[in-house]
Each structure stands twice: as structure tokens, then as C-alpha cells.
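For reference, the structure is listed below as C-alpha cells.
Take a look at the structure:
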């Protein structure tokens, strides 16, 4: 009788219950199957913070936005932008109206760069560029800047949809080849590094550090075998979510609209010795030198988006930097993955546990697509929106970037338990 009563509990009654703390953070670096290697980049395993650990920017606007991007922004950042919107720092203008060459915006973009350098410990050997065109434009810009011509080889680890798109675009401007592909496994795993069949003559090795659609994330990074040692990473969906040893990368690029700002600006961190060697056919706006020589001000940049990024960088520094941010992200992800794994197969995450993303959590319901639609619709009524999986894979996807407060994840897992109880 008690079990029957539990199964027919009042709709959403479990939403008031606080979920149990997770058994362990999801997918730490130590759990990833990696070959022994003398030189590699590693992410430090982190302990879960207490359940009361604050998340700067938390605040209930009536909706928790689990969108993959554009994604939720810290509430305190939005409120500050709102307060400064009409009259920026006493200028009598909005930052959206003023000249990008004026002293106000010059100070804003310089501070944004300085704070980003502090967050990621970007060395002086690397330039920081604020660009346009999304990370997708960098799929062409990277081979155009790093390869001498279309016959230059380049290696790609194809771990999901975005790295596949990067590879296909690079083939137009280089002799790009697939060093490893996860397609046969439906992009649910990453390779041991010795399984990456690198061409020792390849100009660079390209990876996508976190696949937004498929939810696989590198917890460590392969060492290029090419002579010049250029590792290139599309970090769009886990940029500034954890510390990264920037010095090991030739190029890092990321669309801002996941973790650090609104859509419209793309950030590239480029080793300076790689700038200035673009192919002759390279459009001026895709040449890294154009932007490096002009401090990202060759043409009118996305001023407002850069300004918001700057506010987010300030917020991340105020939280204690990326090591503290990573702890919070691991804890949030741990709660969600534990709920999935403890559901007895009711919820299914297809991704290998060692490489599960801390940012994008895809899962399906064993009862099928109709129940997934019901799940998504009922969650939206409870103020949890944008949970529909990408159109190419279906299912459910919860994107829990830096600005997703712990309370949002707690509400989601409570709903998941309640939904299961009501729909056994």
C-alpha cells in the first residue's frame, strides 16, 4: 500500500524535497582512460563543495533556462548591465551607442582582456582576440592561418557534430584528415590518446574540448605529434568553466554565448608566433594578424557583447577564479548524473562515465519519445525551460553552464524523481 501511495503521489510533490548530495563529482580527470605520456595537459580532480556553496548570479526569475546557447547569464551581471544601460559611467550614452574608439569603450575592452588573462593565466606569448562570426567562422580561419596552402595536412579528432563540422570546413583550405572518429559509437566516448592516428607531418591537431550536442568532454588533452606541436581547441561550450593550461595550445577559440556572454562575440587566444602567416587567399577579416595588429578594433566590434563578457569575467574572478568555478560545476553535474544513474534505467545517459560533460547533460527516457515530450512539457510548466535535446539526436538535454545556479539543478532532479514516481 505504501509503495502504491508513493507511486501515485500528488503531482510535483517531490519538488519541495532537497535531493541527496551526490556520491562524487562527475567525470574527474583521474577517471579518464589515458595512456602514459610524458607531456599532457590535465585538469585537476576537484572535491565537491558543500550543498550550500553559493553560486554568484543565482536568483529565481521564475524560469531556469537550460538552453545550450544562448544560455543563462548571471543575474547580478544582467542587473548591472541594466543599471548602466542608459547612461554608461556618466557618459550620457549607452555603451551600445558610443564610439568603439572612444575612451569609455577602450577602457572596457582592455579590462575585459586583462580579466580574461587573469582568469586563464594567459601568458604573454598569446594574443587575445575579440572576433565576430561565431566559432563556426574559426573552422575556416584556423586552417587559413596555420596551413601554408591546401596541401598542408591537419589532423582532427571527430568526437561529435561540431568537430565534424570543423573537419569538413577545414578540408576546403587544407589536407585535413580524421585522426580518430567516434561516429561508429554514436559519439559517446573519447579515445585513449594512443588510438589517435596522427600524421607526424600534420600542421596541427584539432579537438573540440566539449561537444555541446553529444555531451562528451575532454578531461585531459592529447599531445600533438607534429613537428611544431600545435594543438587547436574549439572550447565554445566549456570555455572558462575550469582552469586550462593555455601555454600548451596554439589556438583556443570559443563562442561566448555558453559561459561568458551573449551571442555576437567569439574569443580566440592565439600563440603570437602563429600570427602573420595566413594563406594569400585569406579574407582580411579571417586573418588573425588583422585583429592582433588592431587590438580587435579593425572594424566595429560587437561592443555590447564584449562589455557583457567583461562583466562576466569580473563575476568569475569574484567567485575565486576558475578553480572554484570548476568545483561548483562538478557538484552540480554530480547531482544530475547521480539522479540519472540511480533511476534504475528510467533515465539513460549514453555517454561513457569517464568523459561525461560537466556542461551539457543529454539523456533519454526508457519509456520512449512520447514520455520525453511529456517530461519536457511538464518541466516547462514548472519553470524549467529549453530541455529539449538537439534536433539531430532528440531526447532531453540539460545545459548547466557556470551561471546555472545550484537551485536550478536541484529543482530539475526533484522533478525527475517526481516524474518517475508518477509515471512508473
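Residue numbers (the UniProt record's numbering): 1 to 424. For every residue, glycine included, the Cβ atom is placed at its ideal position computed from N, Cα and C. Keep in mind it's a predicted model, so treat the numbers as computed, not measured.
| Query | Result |
| --- | --- |
| Cβ-Cβ separation, residue 152 to residue 174 (assumed contact under 8 Å), whole Å | 5 Å |
| Separation of residue 239 from residue 356, as counted between CA atoms | 16 Å |
| Collapsed DSSP secondary structure at residue 94 in the structure displayed | coil |
| Proximal residues to residue 112 (C-beta, below 8 Å), its chain only, five neighbours per side dropped | 130, 306, 307, 309, 310, 313 |
| Residue 198 versus residue 101: straight-line alpha-carbon distance, rounded | 44 Å |
| Close beta carbons around residue 351, own chain, < 6 Å, minus the five adjacent residues each side | 188, 215, 216 |
| Segment limits, beta strand (DSSP E) that includes residue 253 | 251–255 |
| Bounding residues of the alpha helix (DSSP H) (the contiguous stretch that carries residue 231) | No alpha helix (DSSP H) holds residue 231; the beta strand (DSSP E) holding it covers 231–234. |
| Beta-carbon proximity of residue 164 to residue 157, cut-off 8 Å | no |
| For residue 188: DSSP bridge partner residues | BP columns for residue 188 are empty, so no partner. |
| Coarse secondary structure for residue 422, derived from DSSP in three states | helix |
| Secondary structure of residue 208, DSSP reduced to three states | strand |
| Assigned secondary structure, residue 404 (DSSP; H/G/I helix, E/B strand, else coil) | coil |
| Residue burial classification, residue 97 (beta-carbon count within 10 angstroms, cutoff 16) | exposed |
| Inside the stretch 107–150 only - beta strand (DSSP E) runs reaching at least 3 residues | 126–131 |
| Rounded C-alpha distance that separates residue 374 from residue 160 | 27 Å |
| Proximity to residue 222 [Cα-Cα], best of 241, 235, 248, 193 | 193 |
| Three-state secondary structure assigned by DSSP to residue 221 | strand |
| Residues of its chain near residue 139, where Cβ-Cβ distance is below 6 Å and the 5 sequence neighbours each way are ignored | 166, 169 |
| Spatial distance of residue 322 from residue 340 (CA atoms) | 27 Å |
| Nearest to residue 110 (by Cα), restricted to the options 207, 303, 262, 281 | 303 |
| Span separating the alpha-carbon of residue 95 from that of residue 255 | 21 Å |
| Identity of the residue in 205, 290, 212 nearest residue 392 by Cα | 212 |
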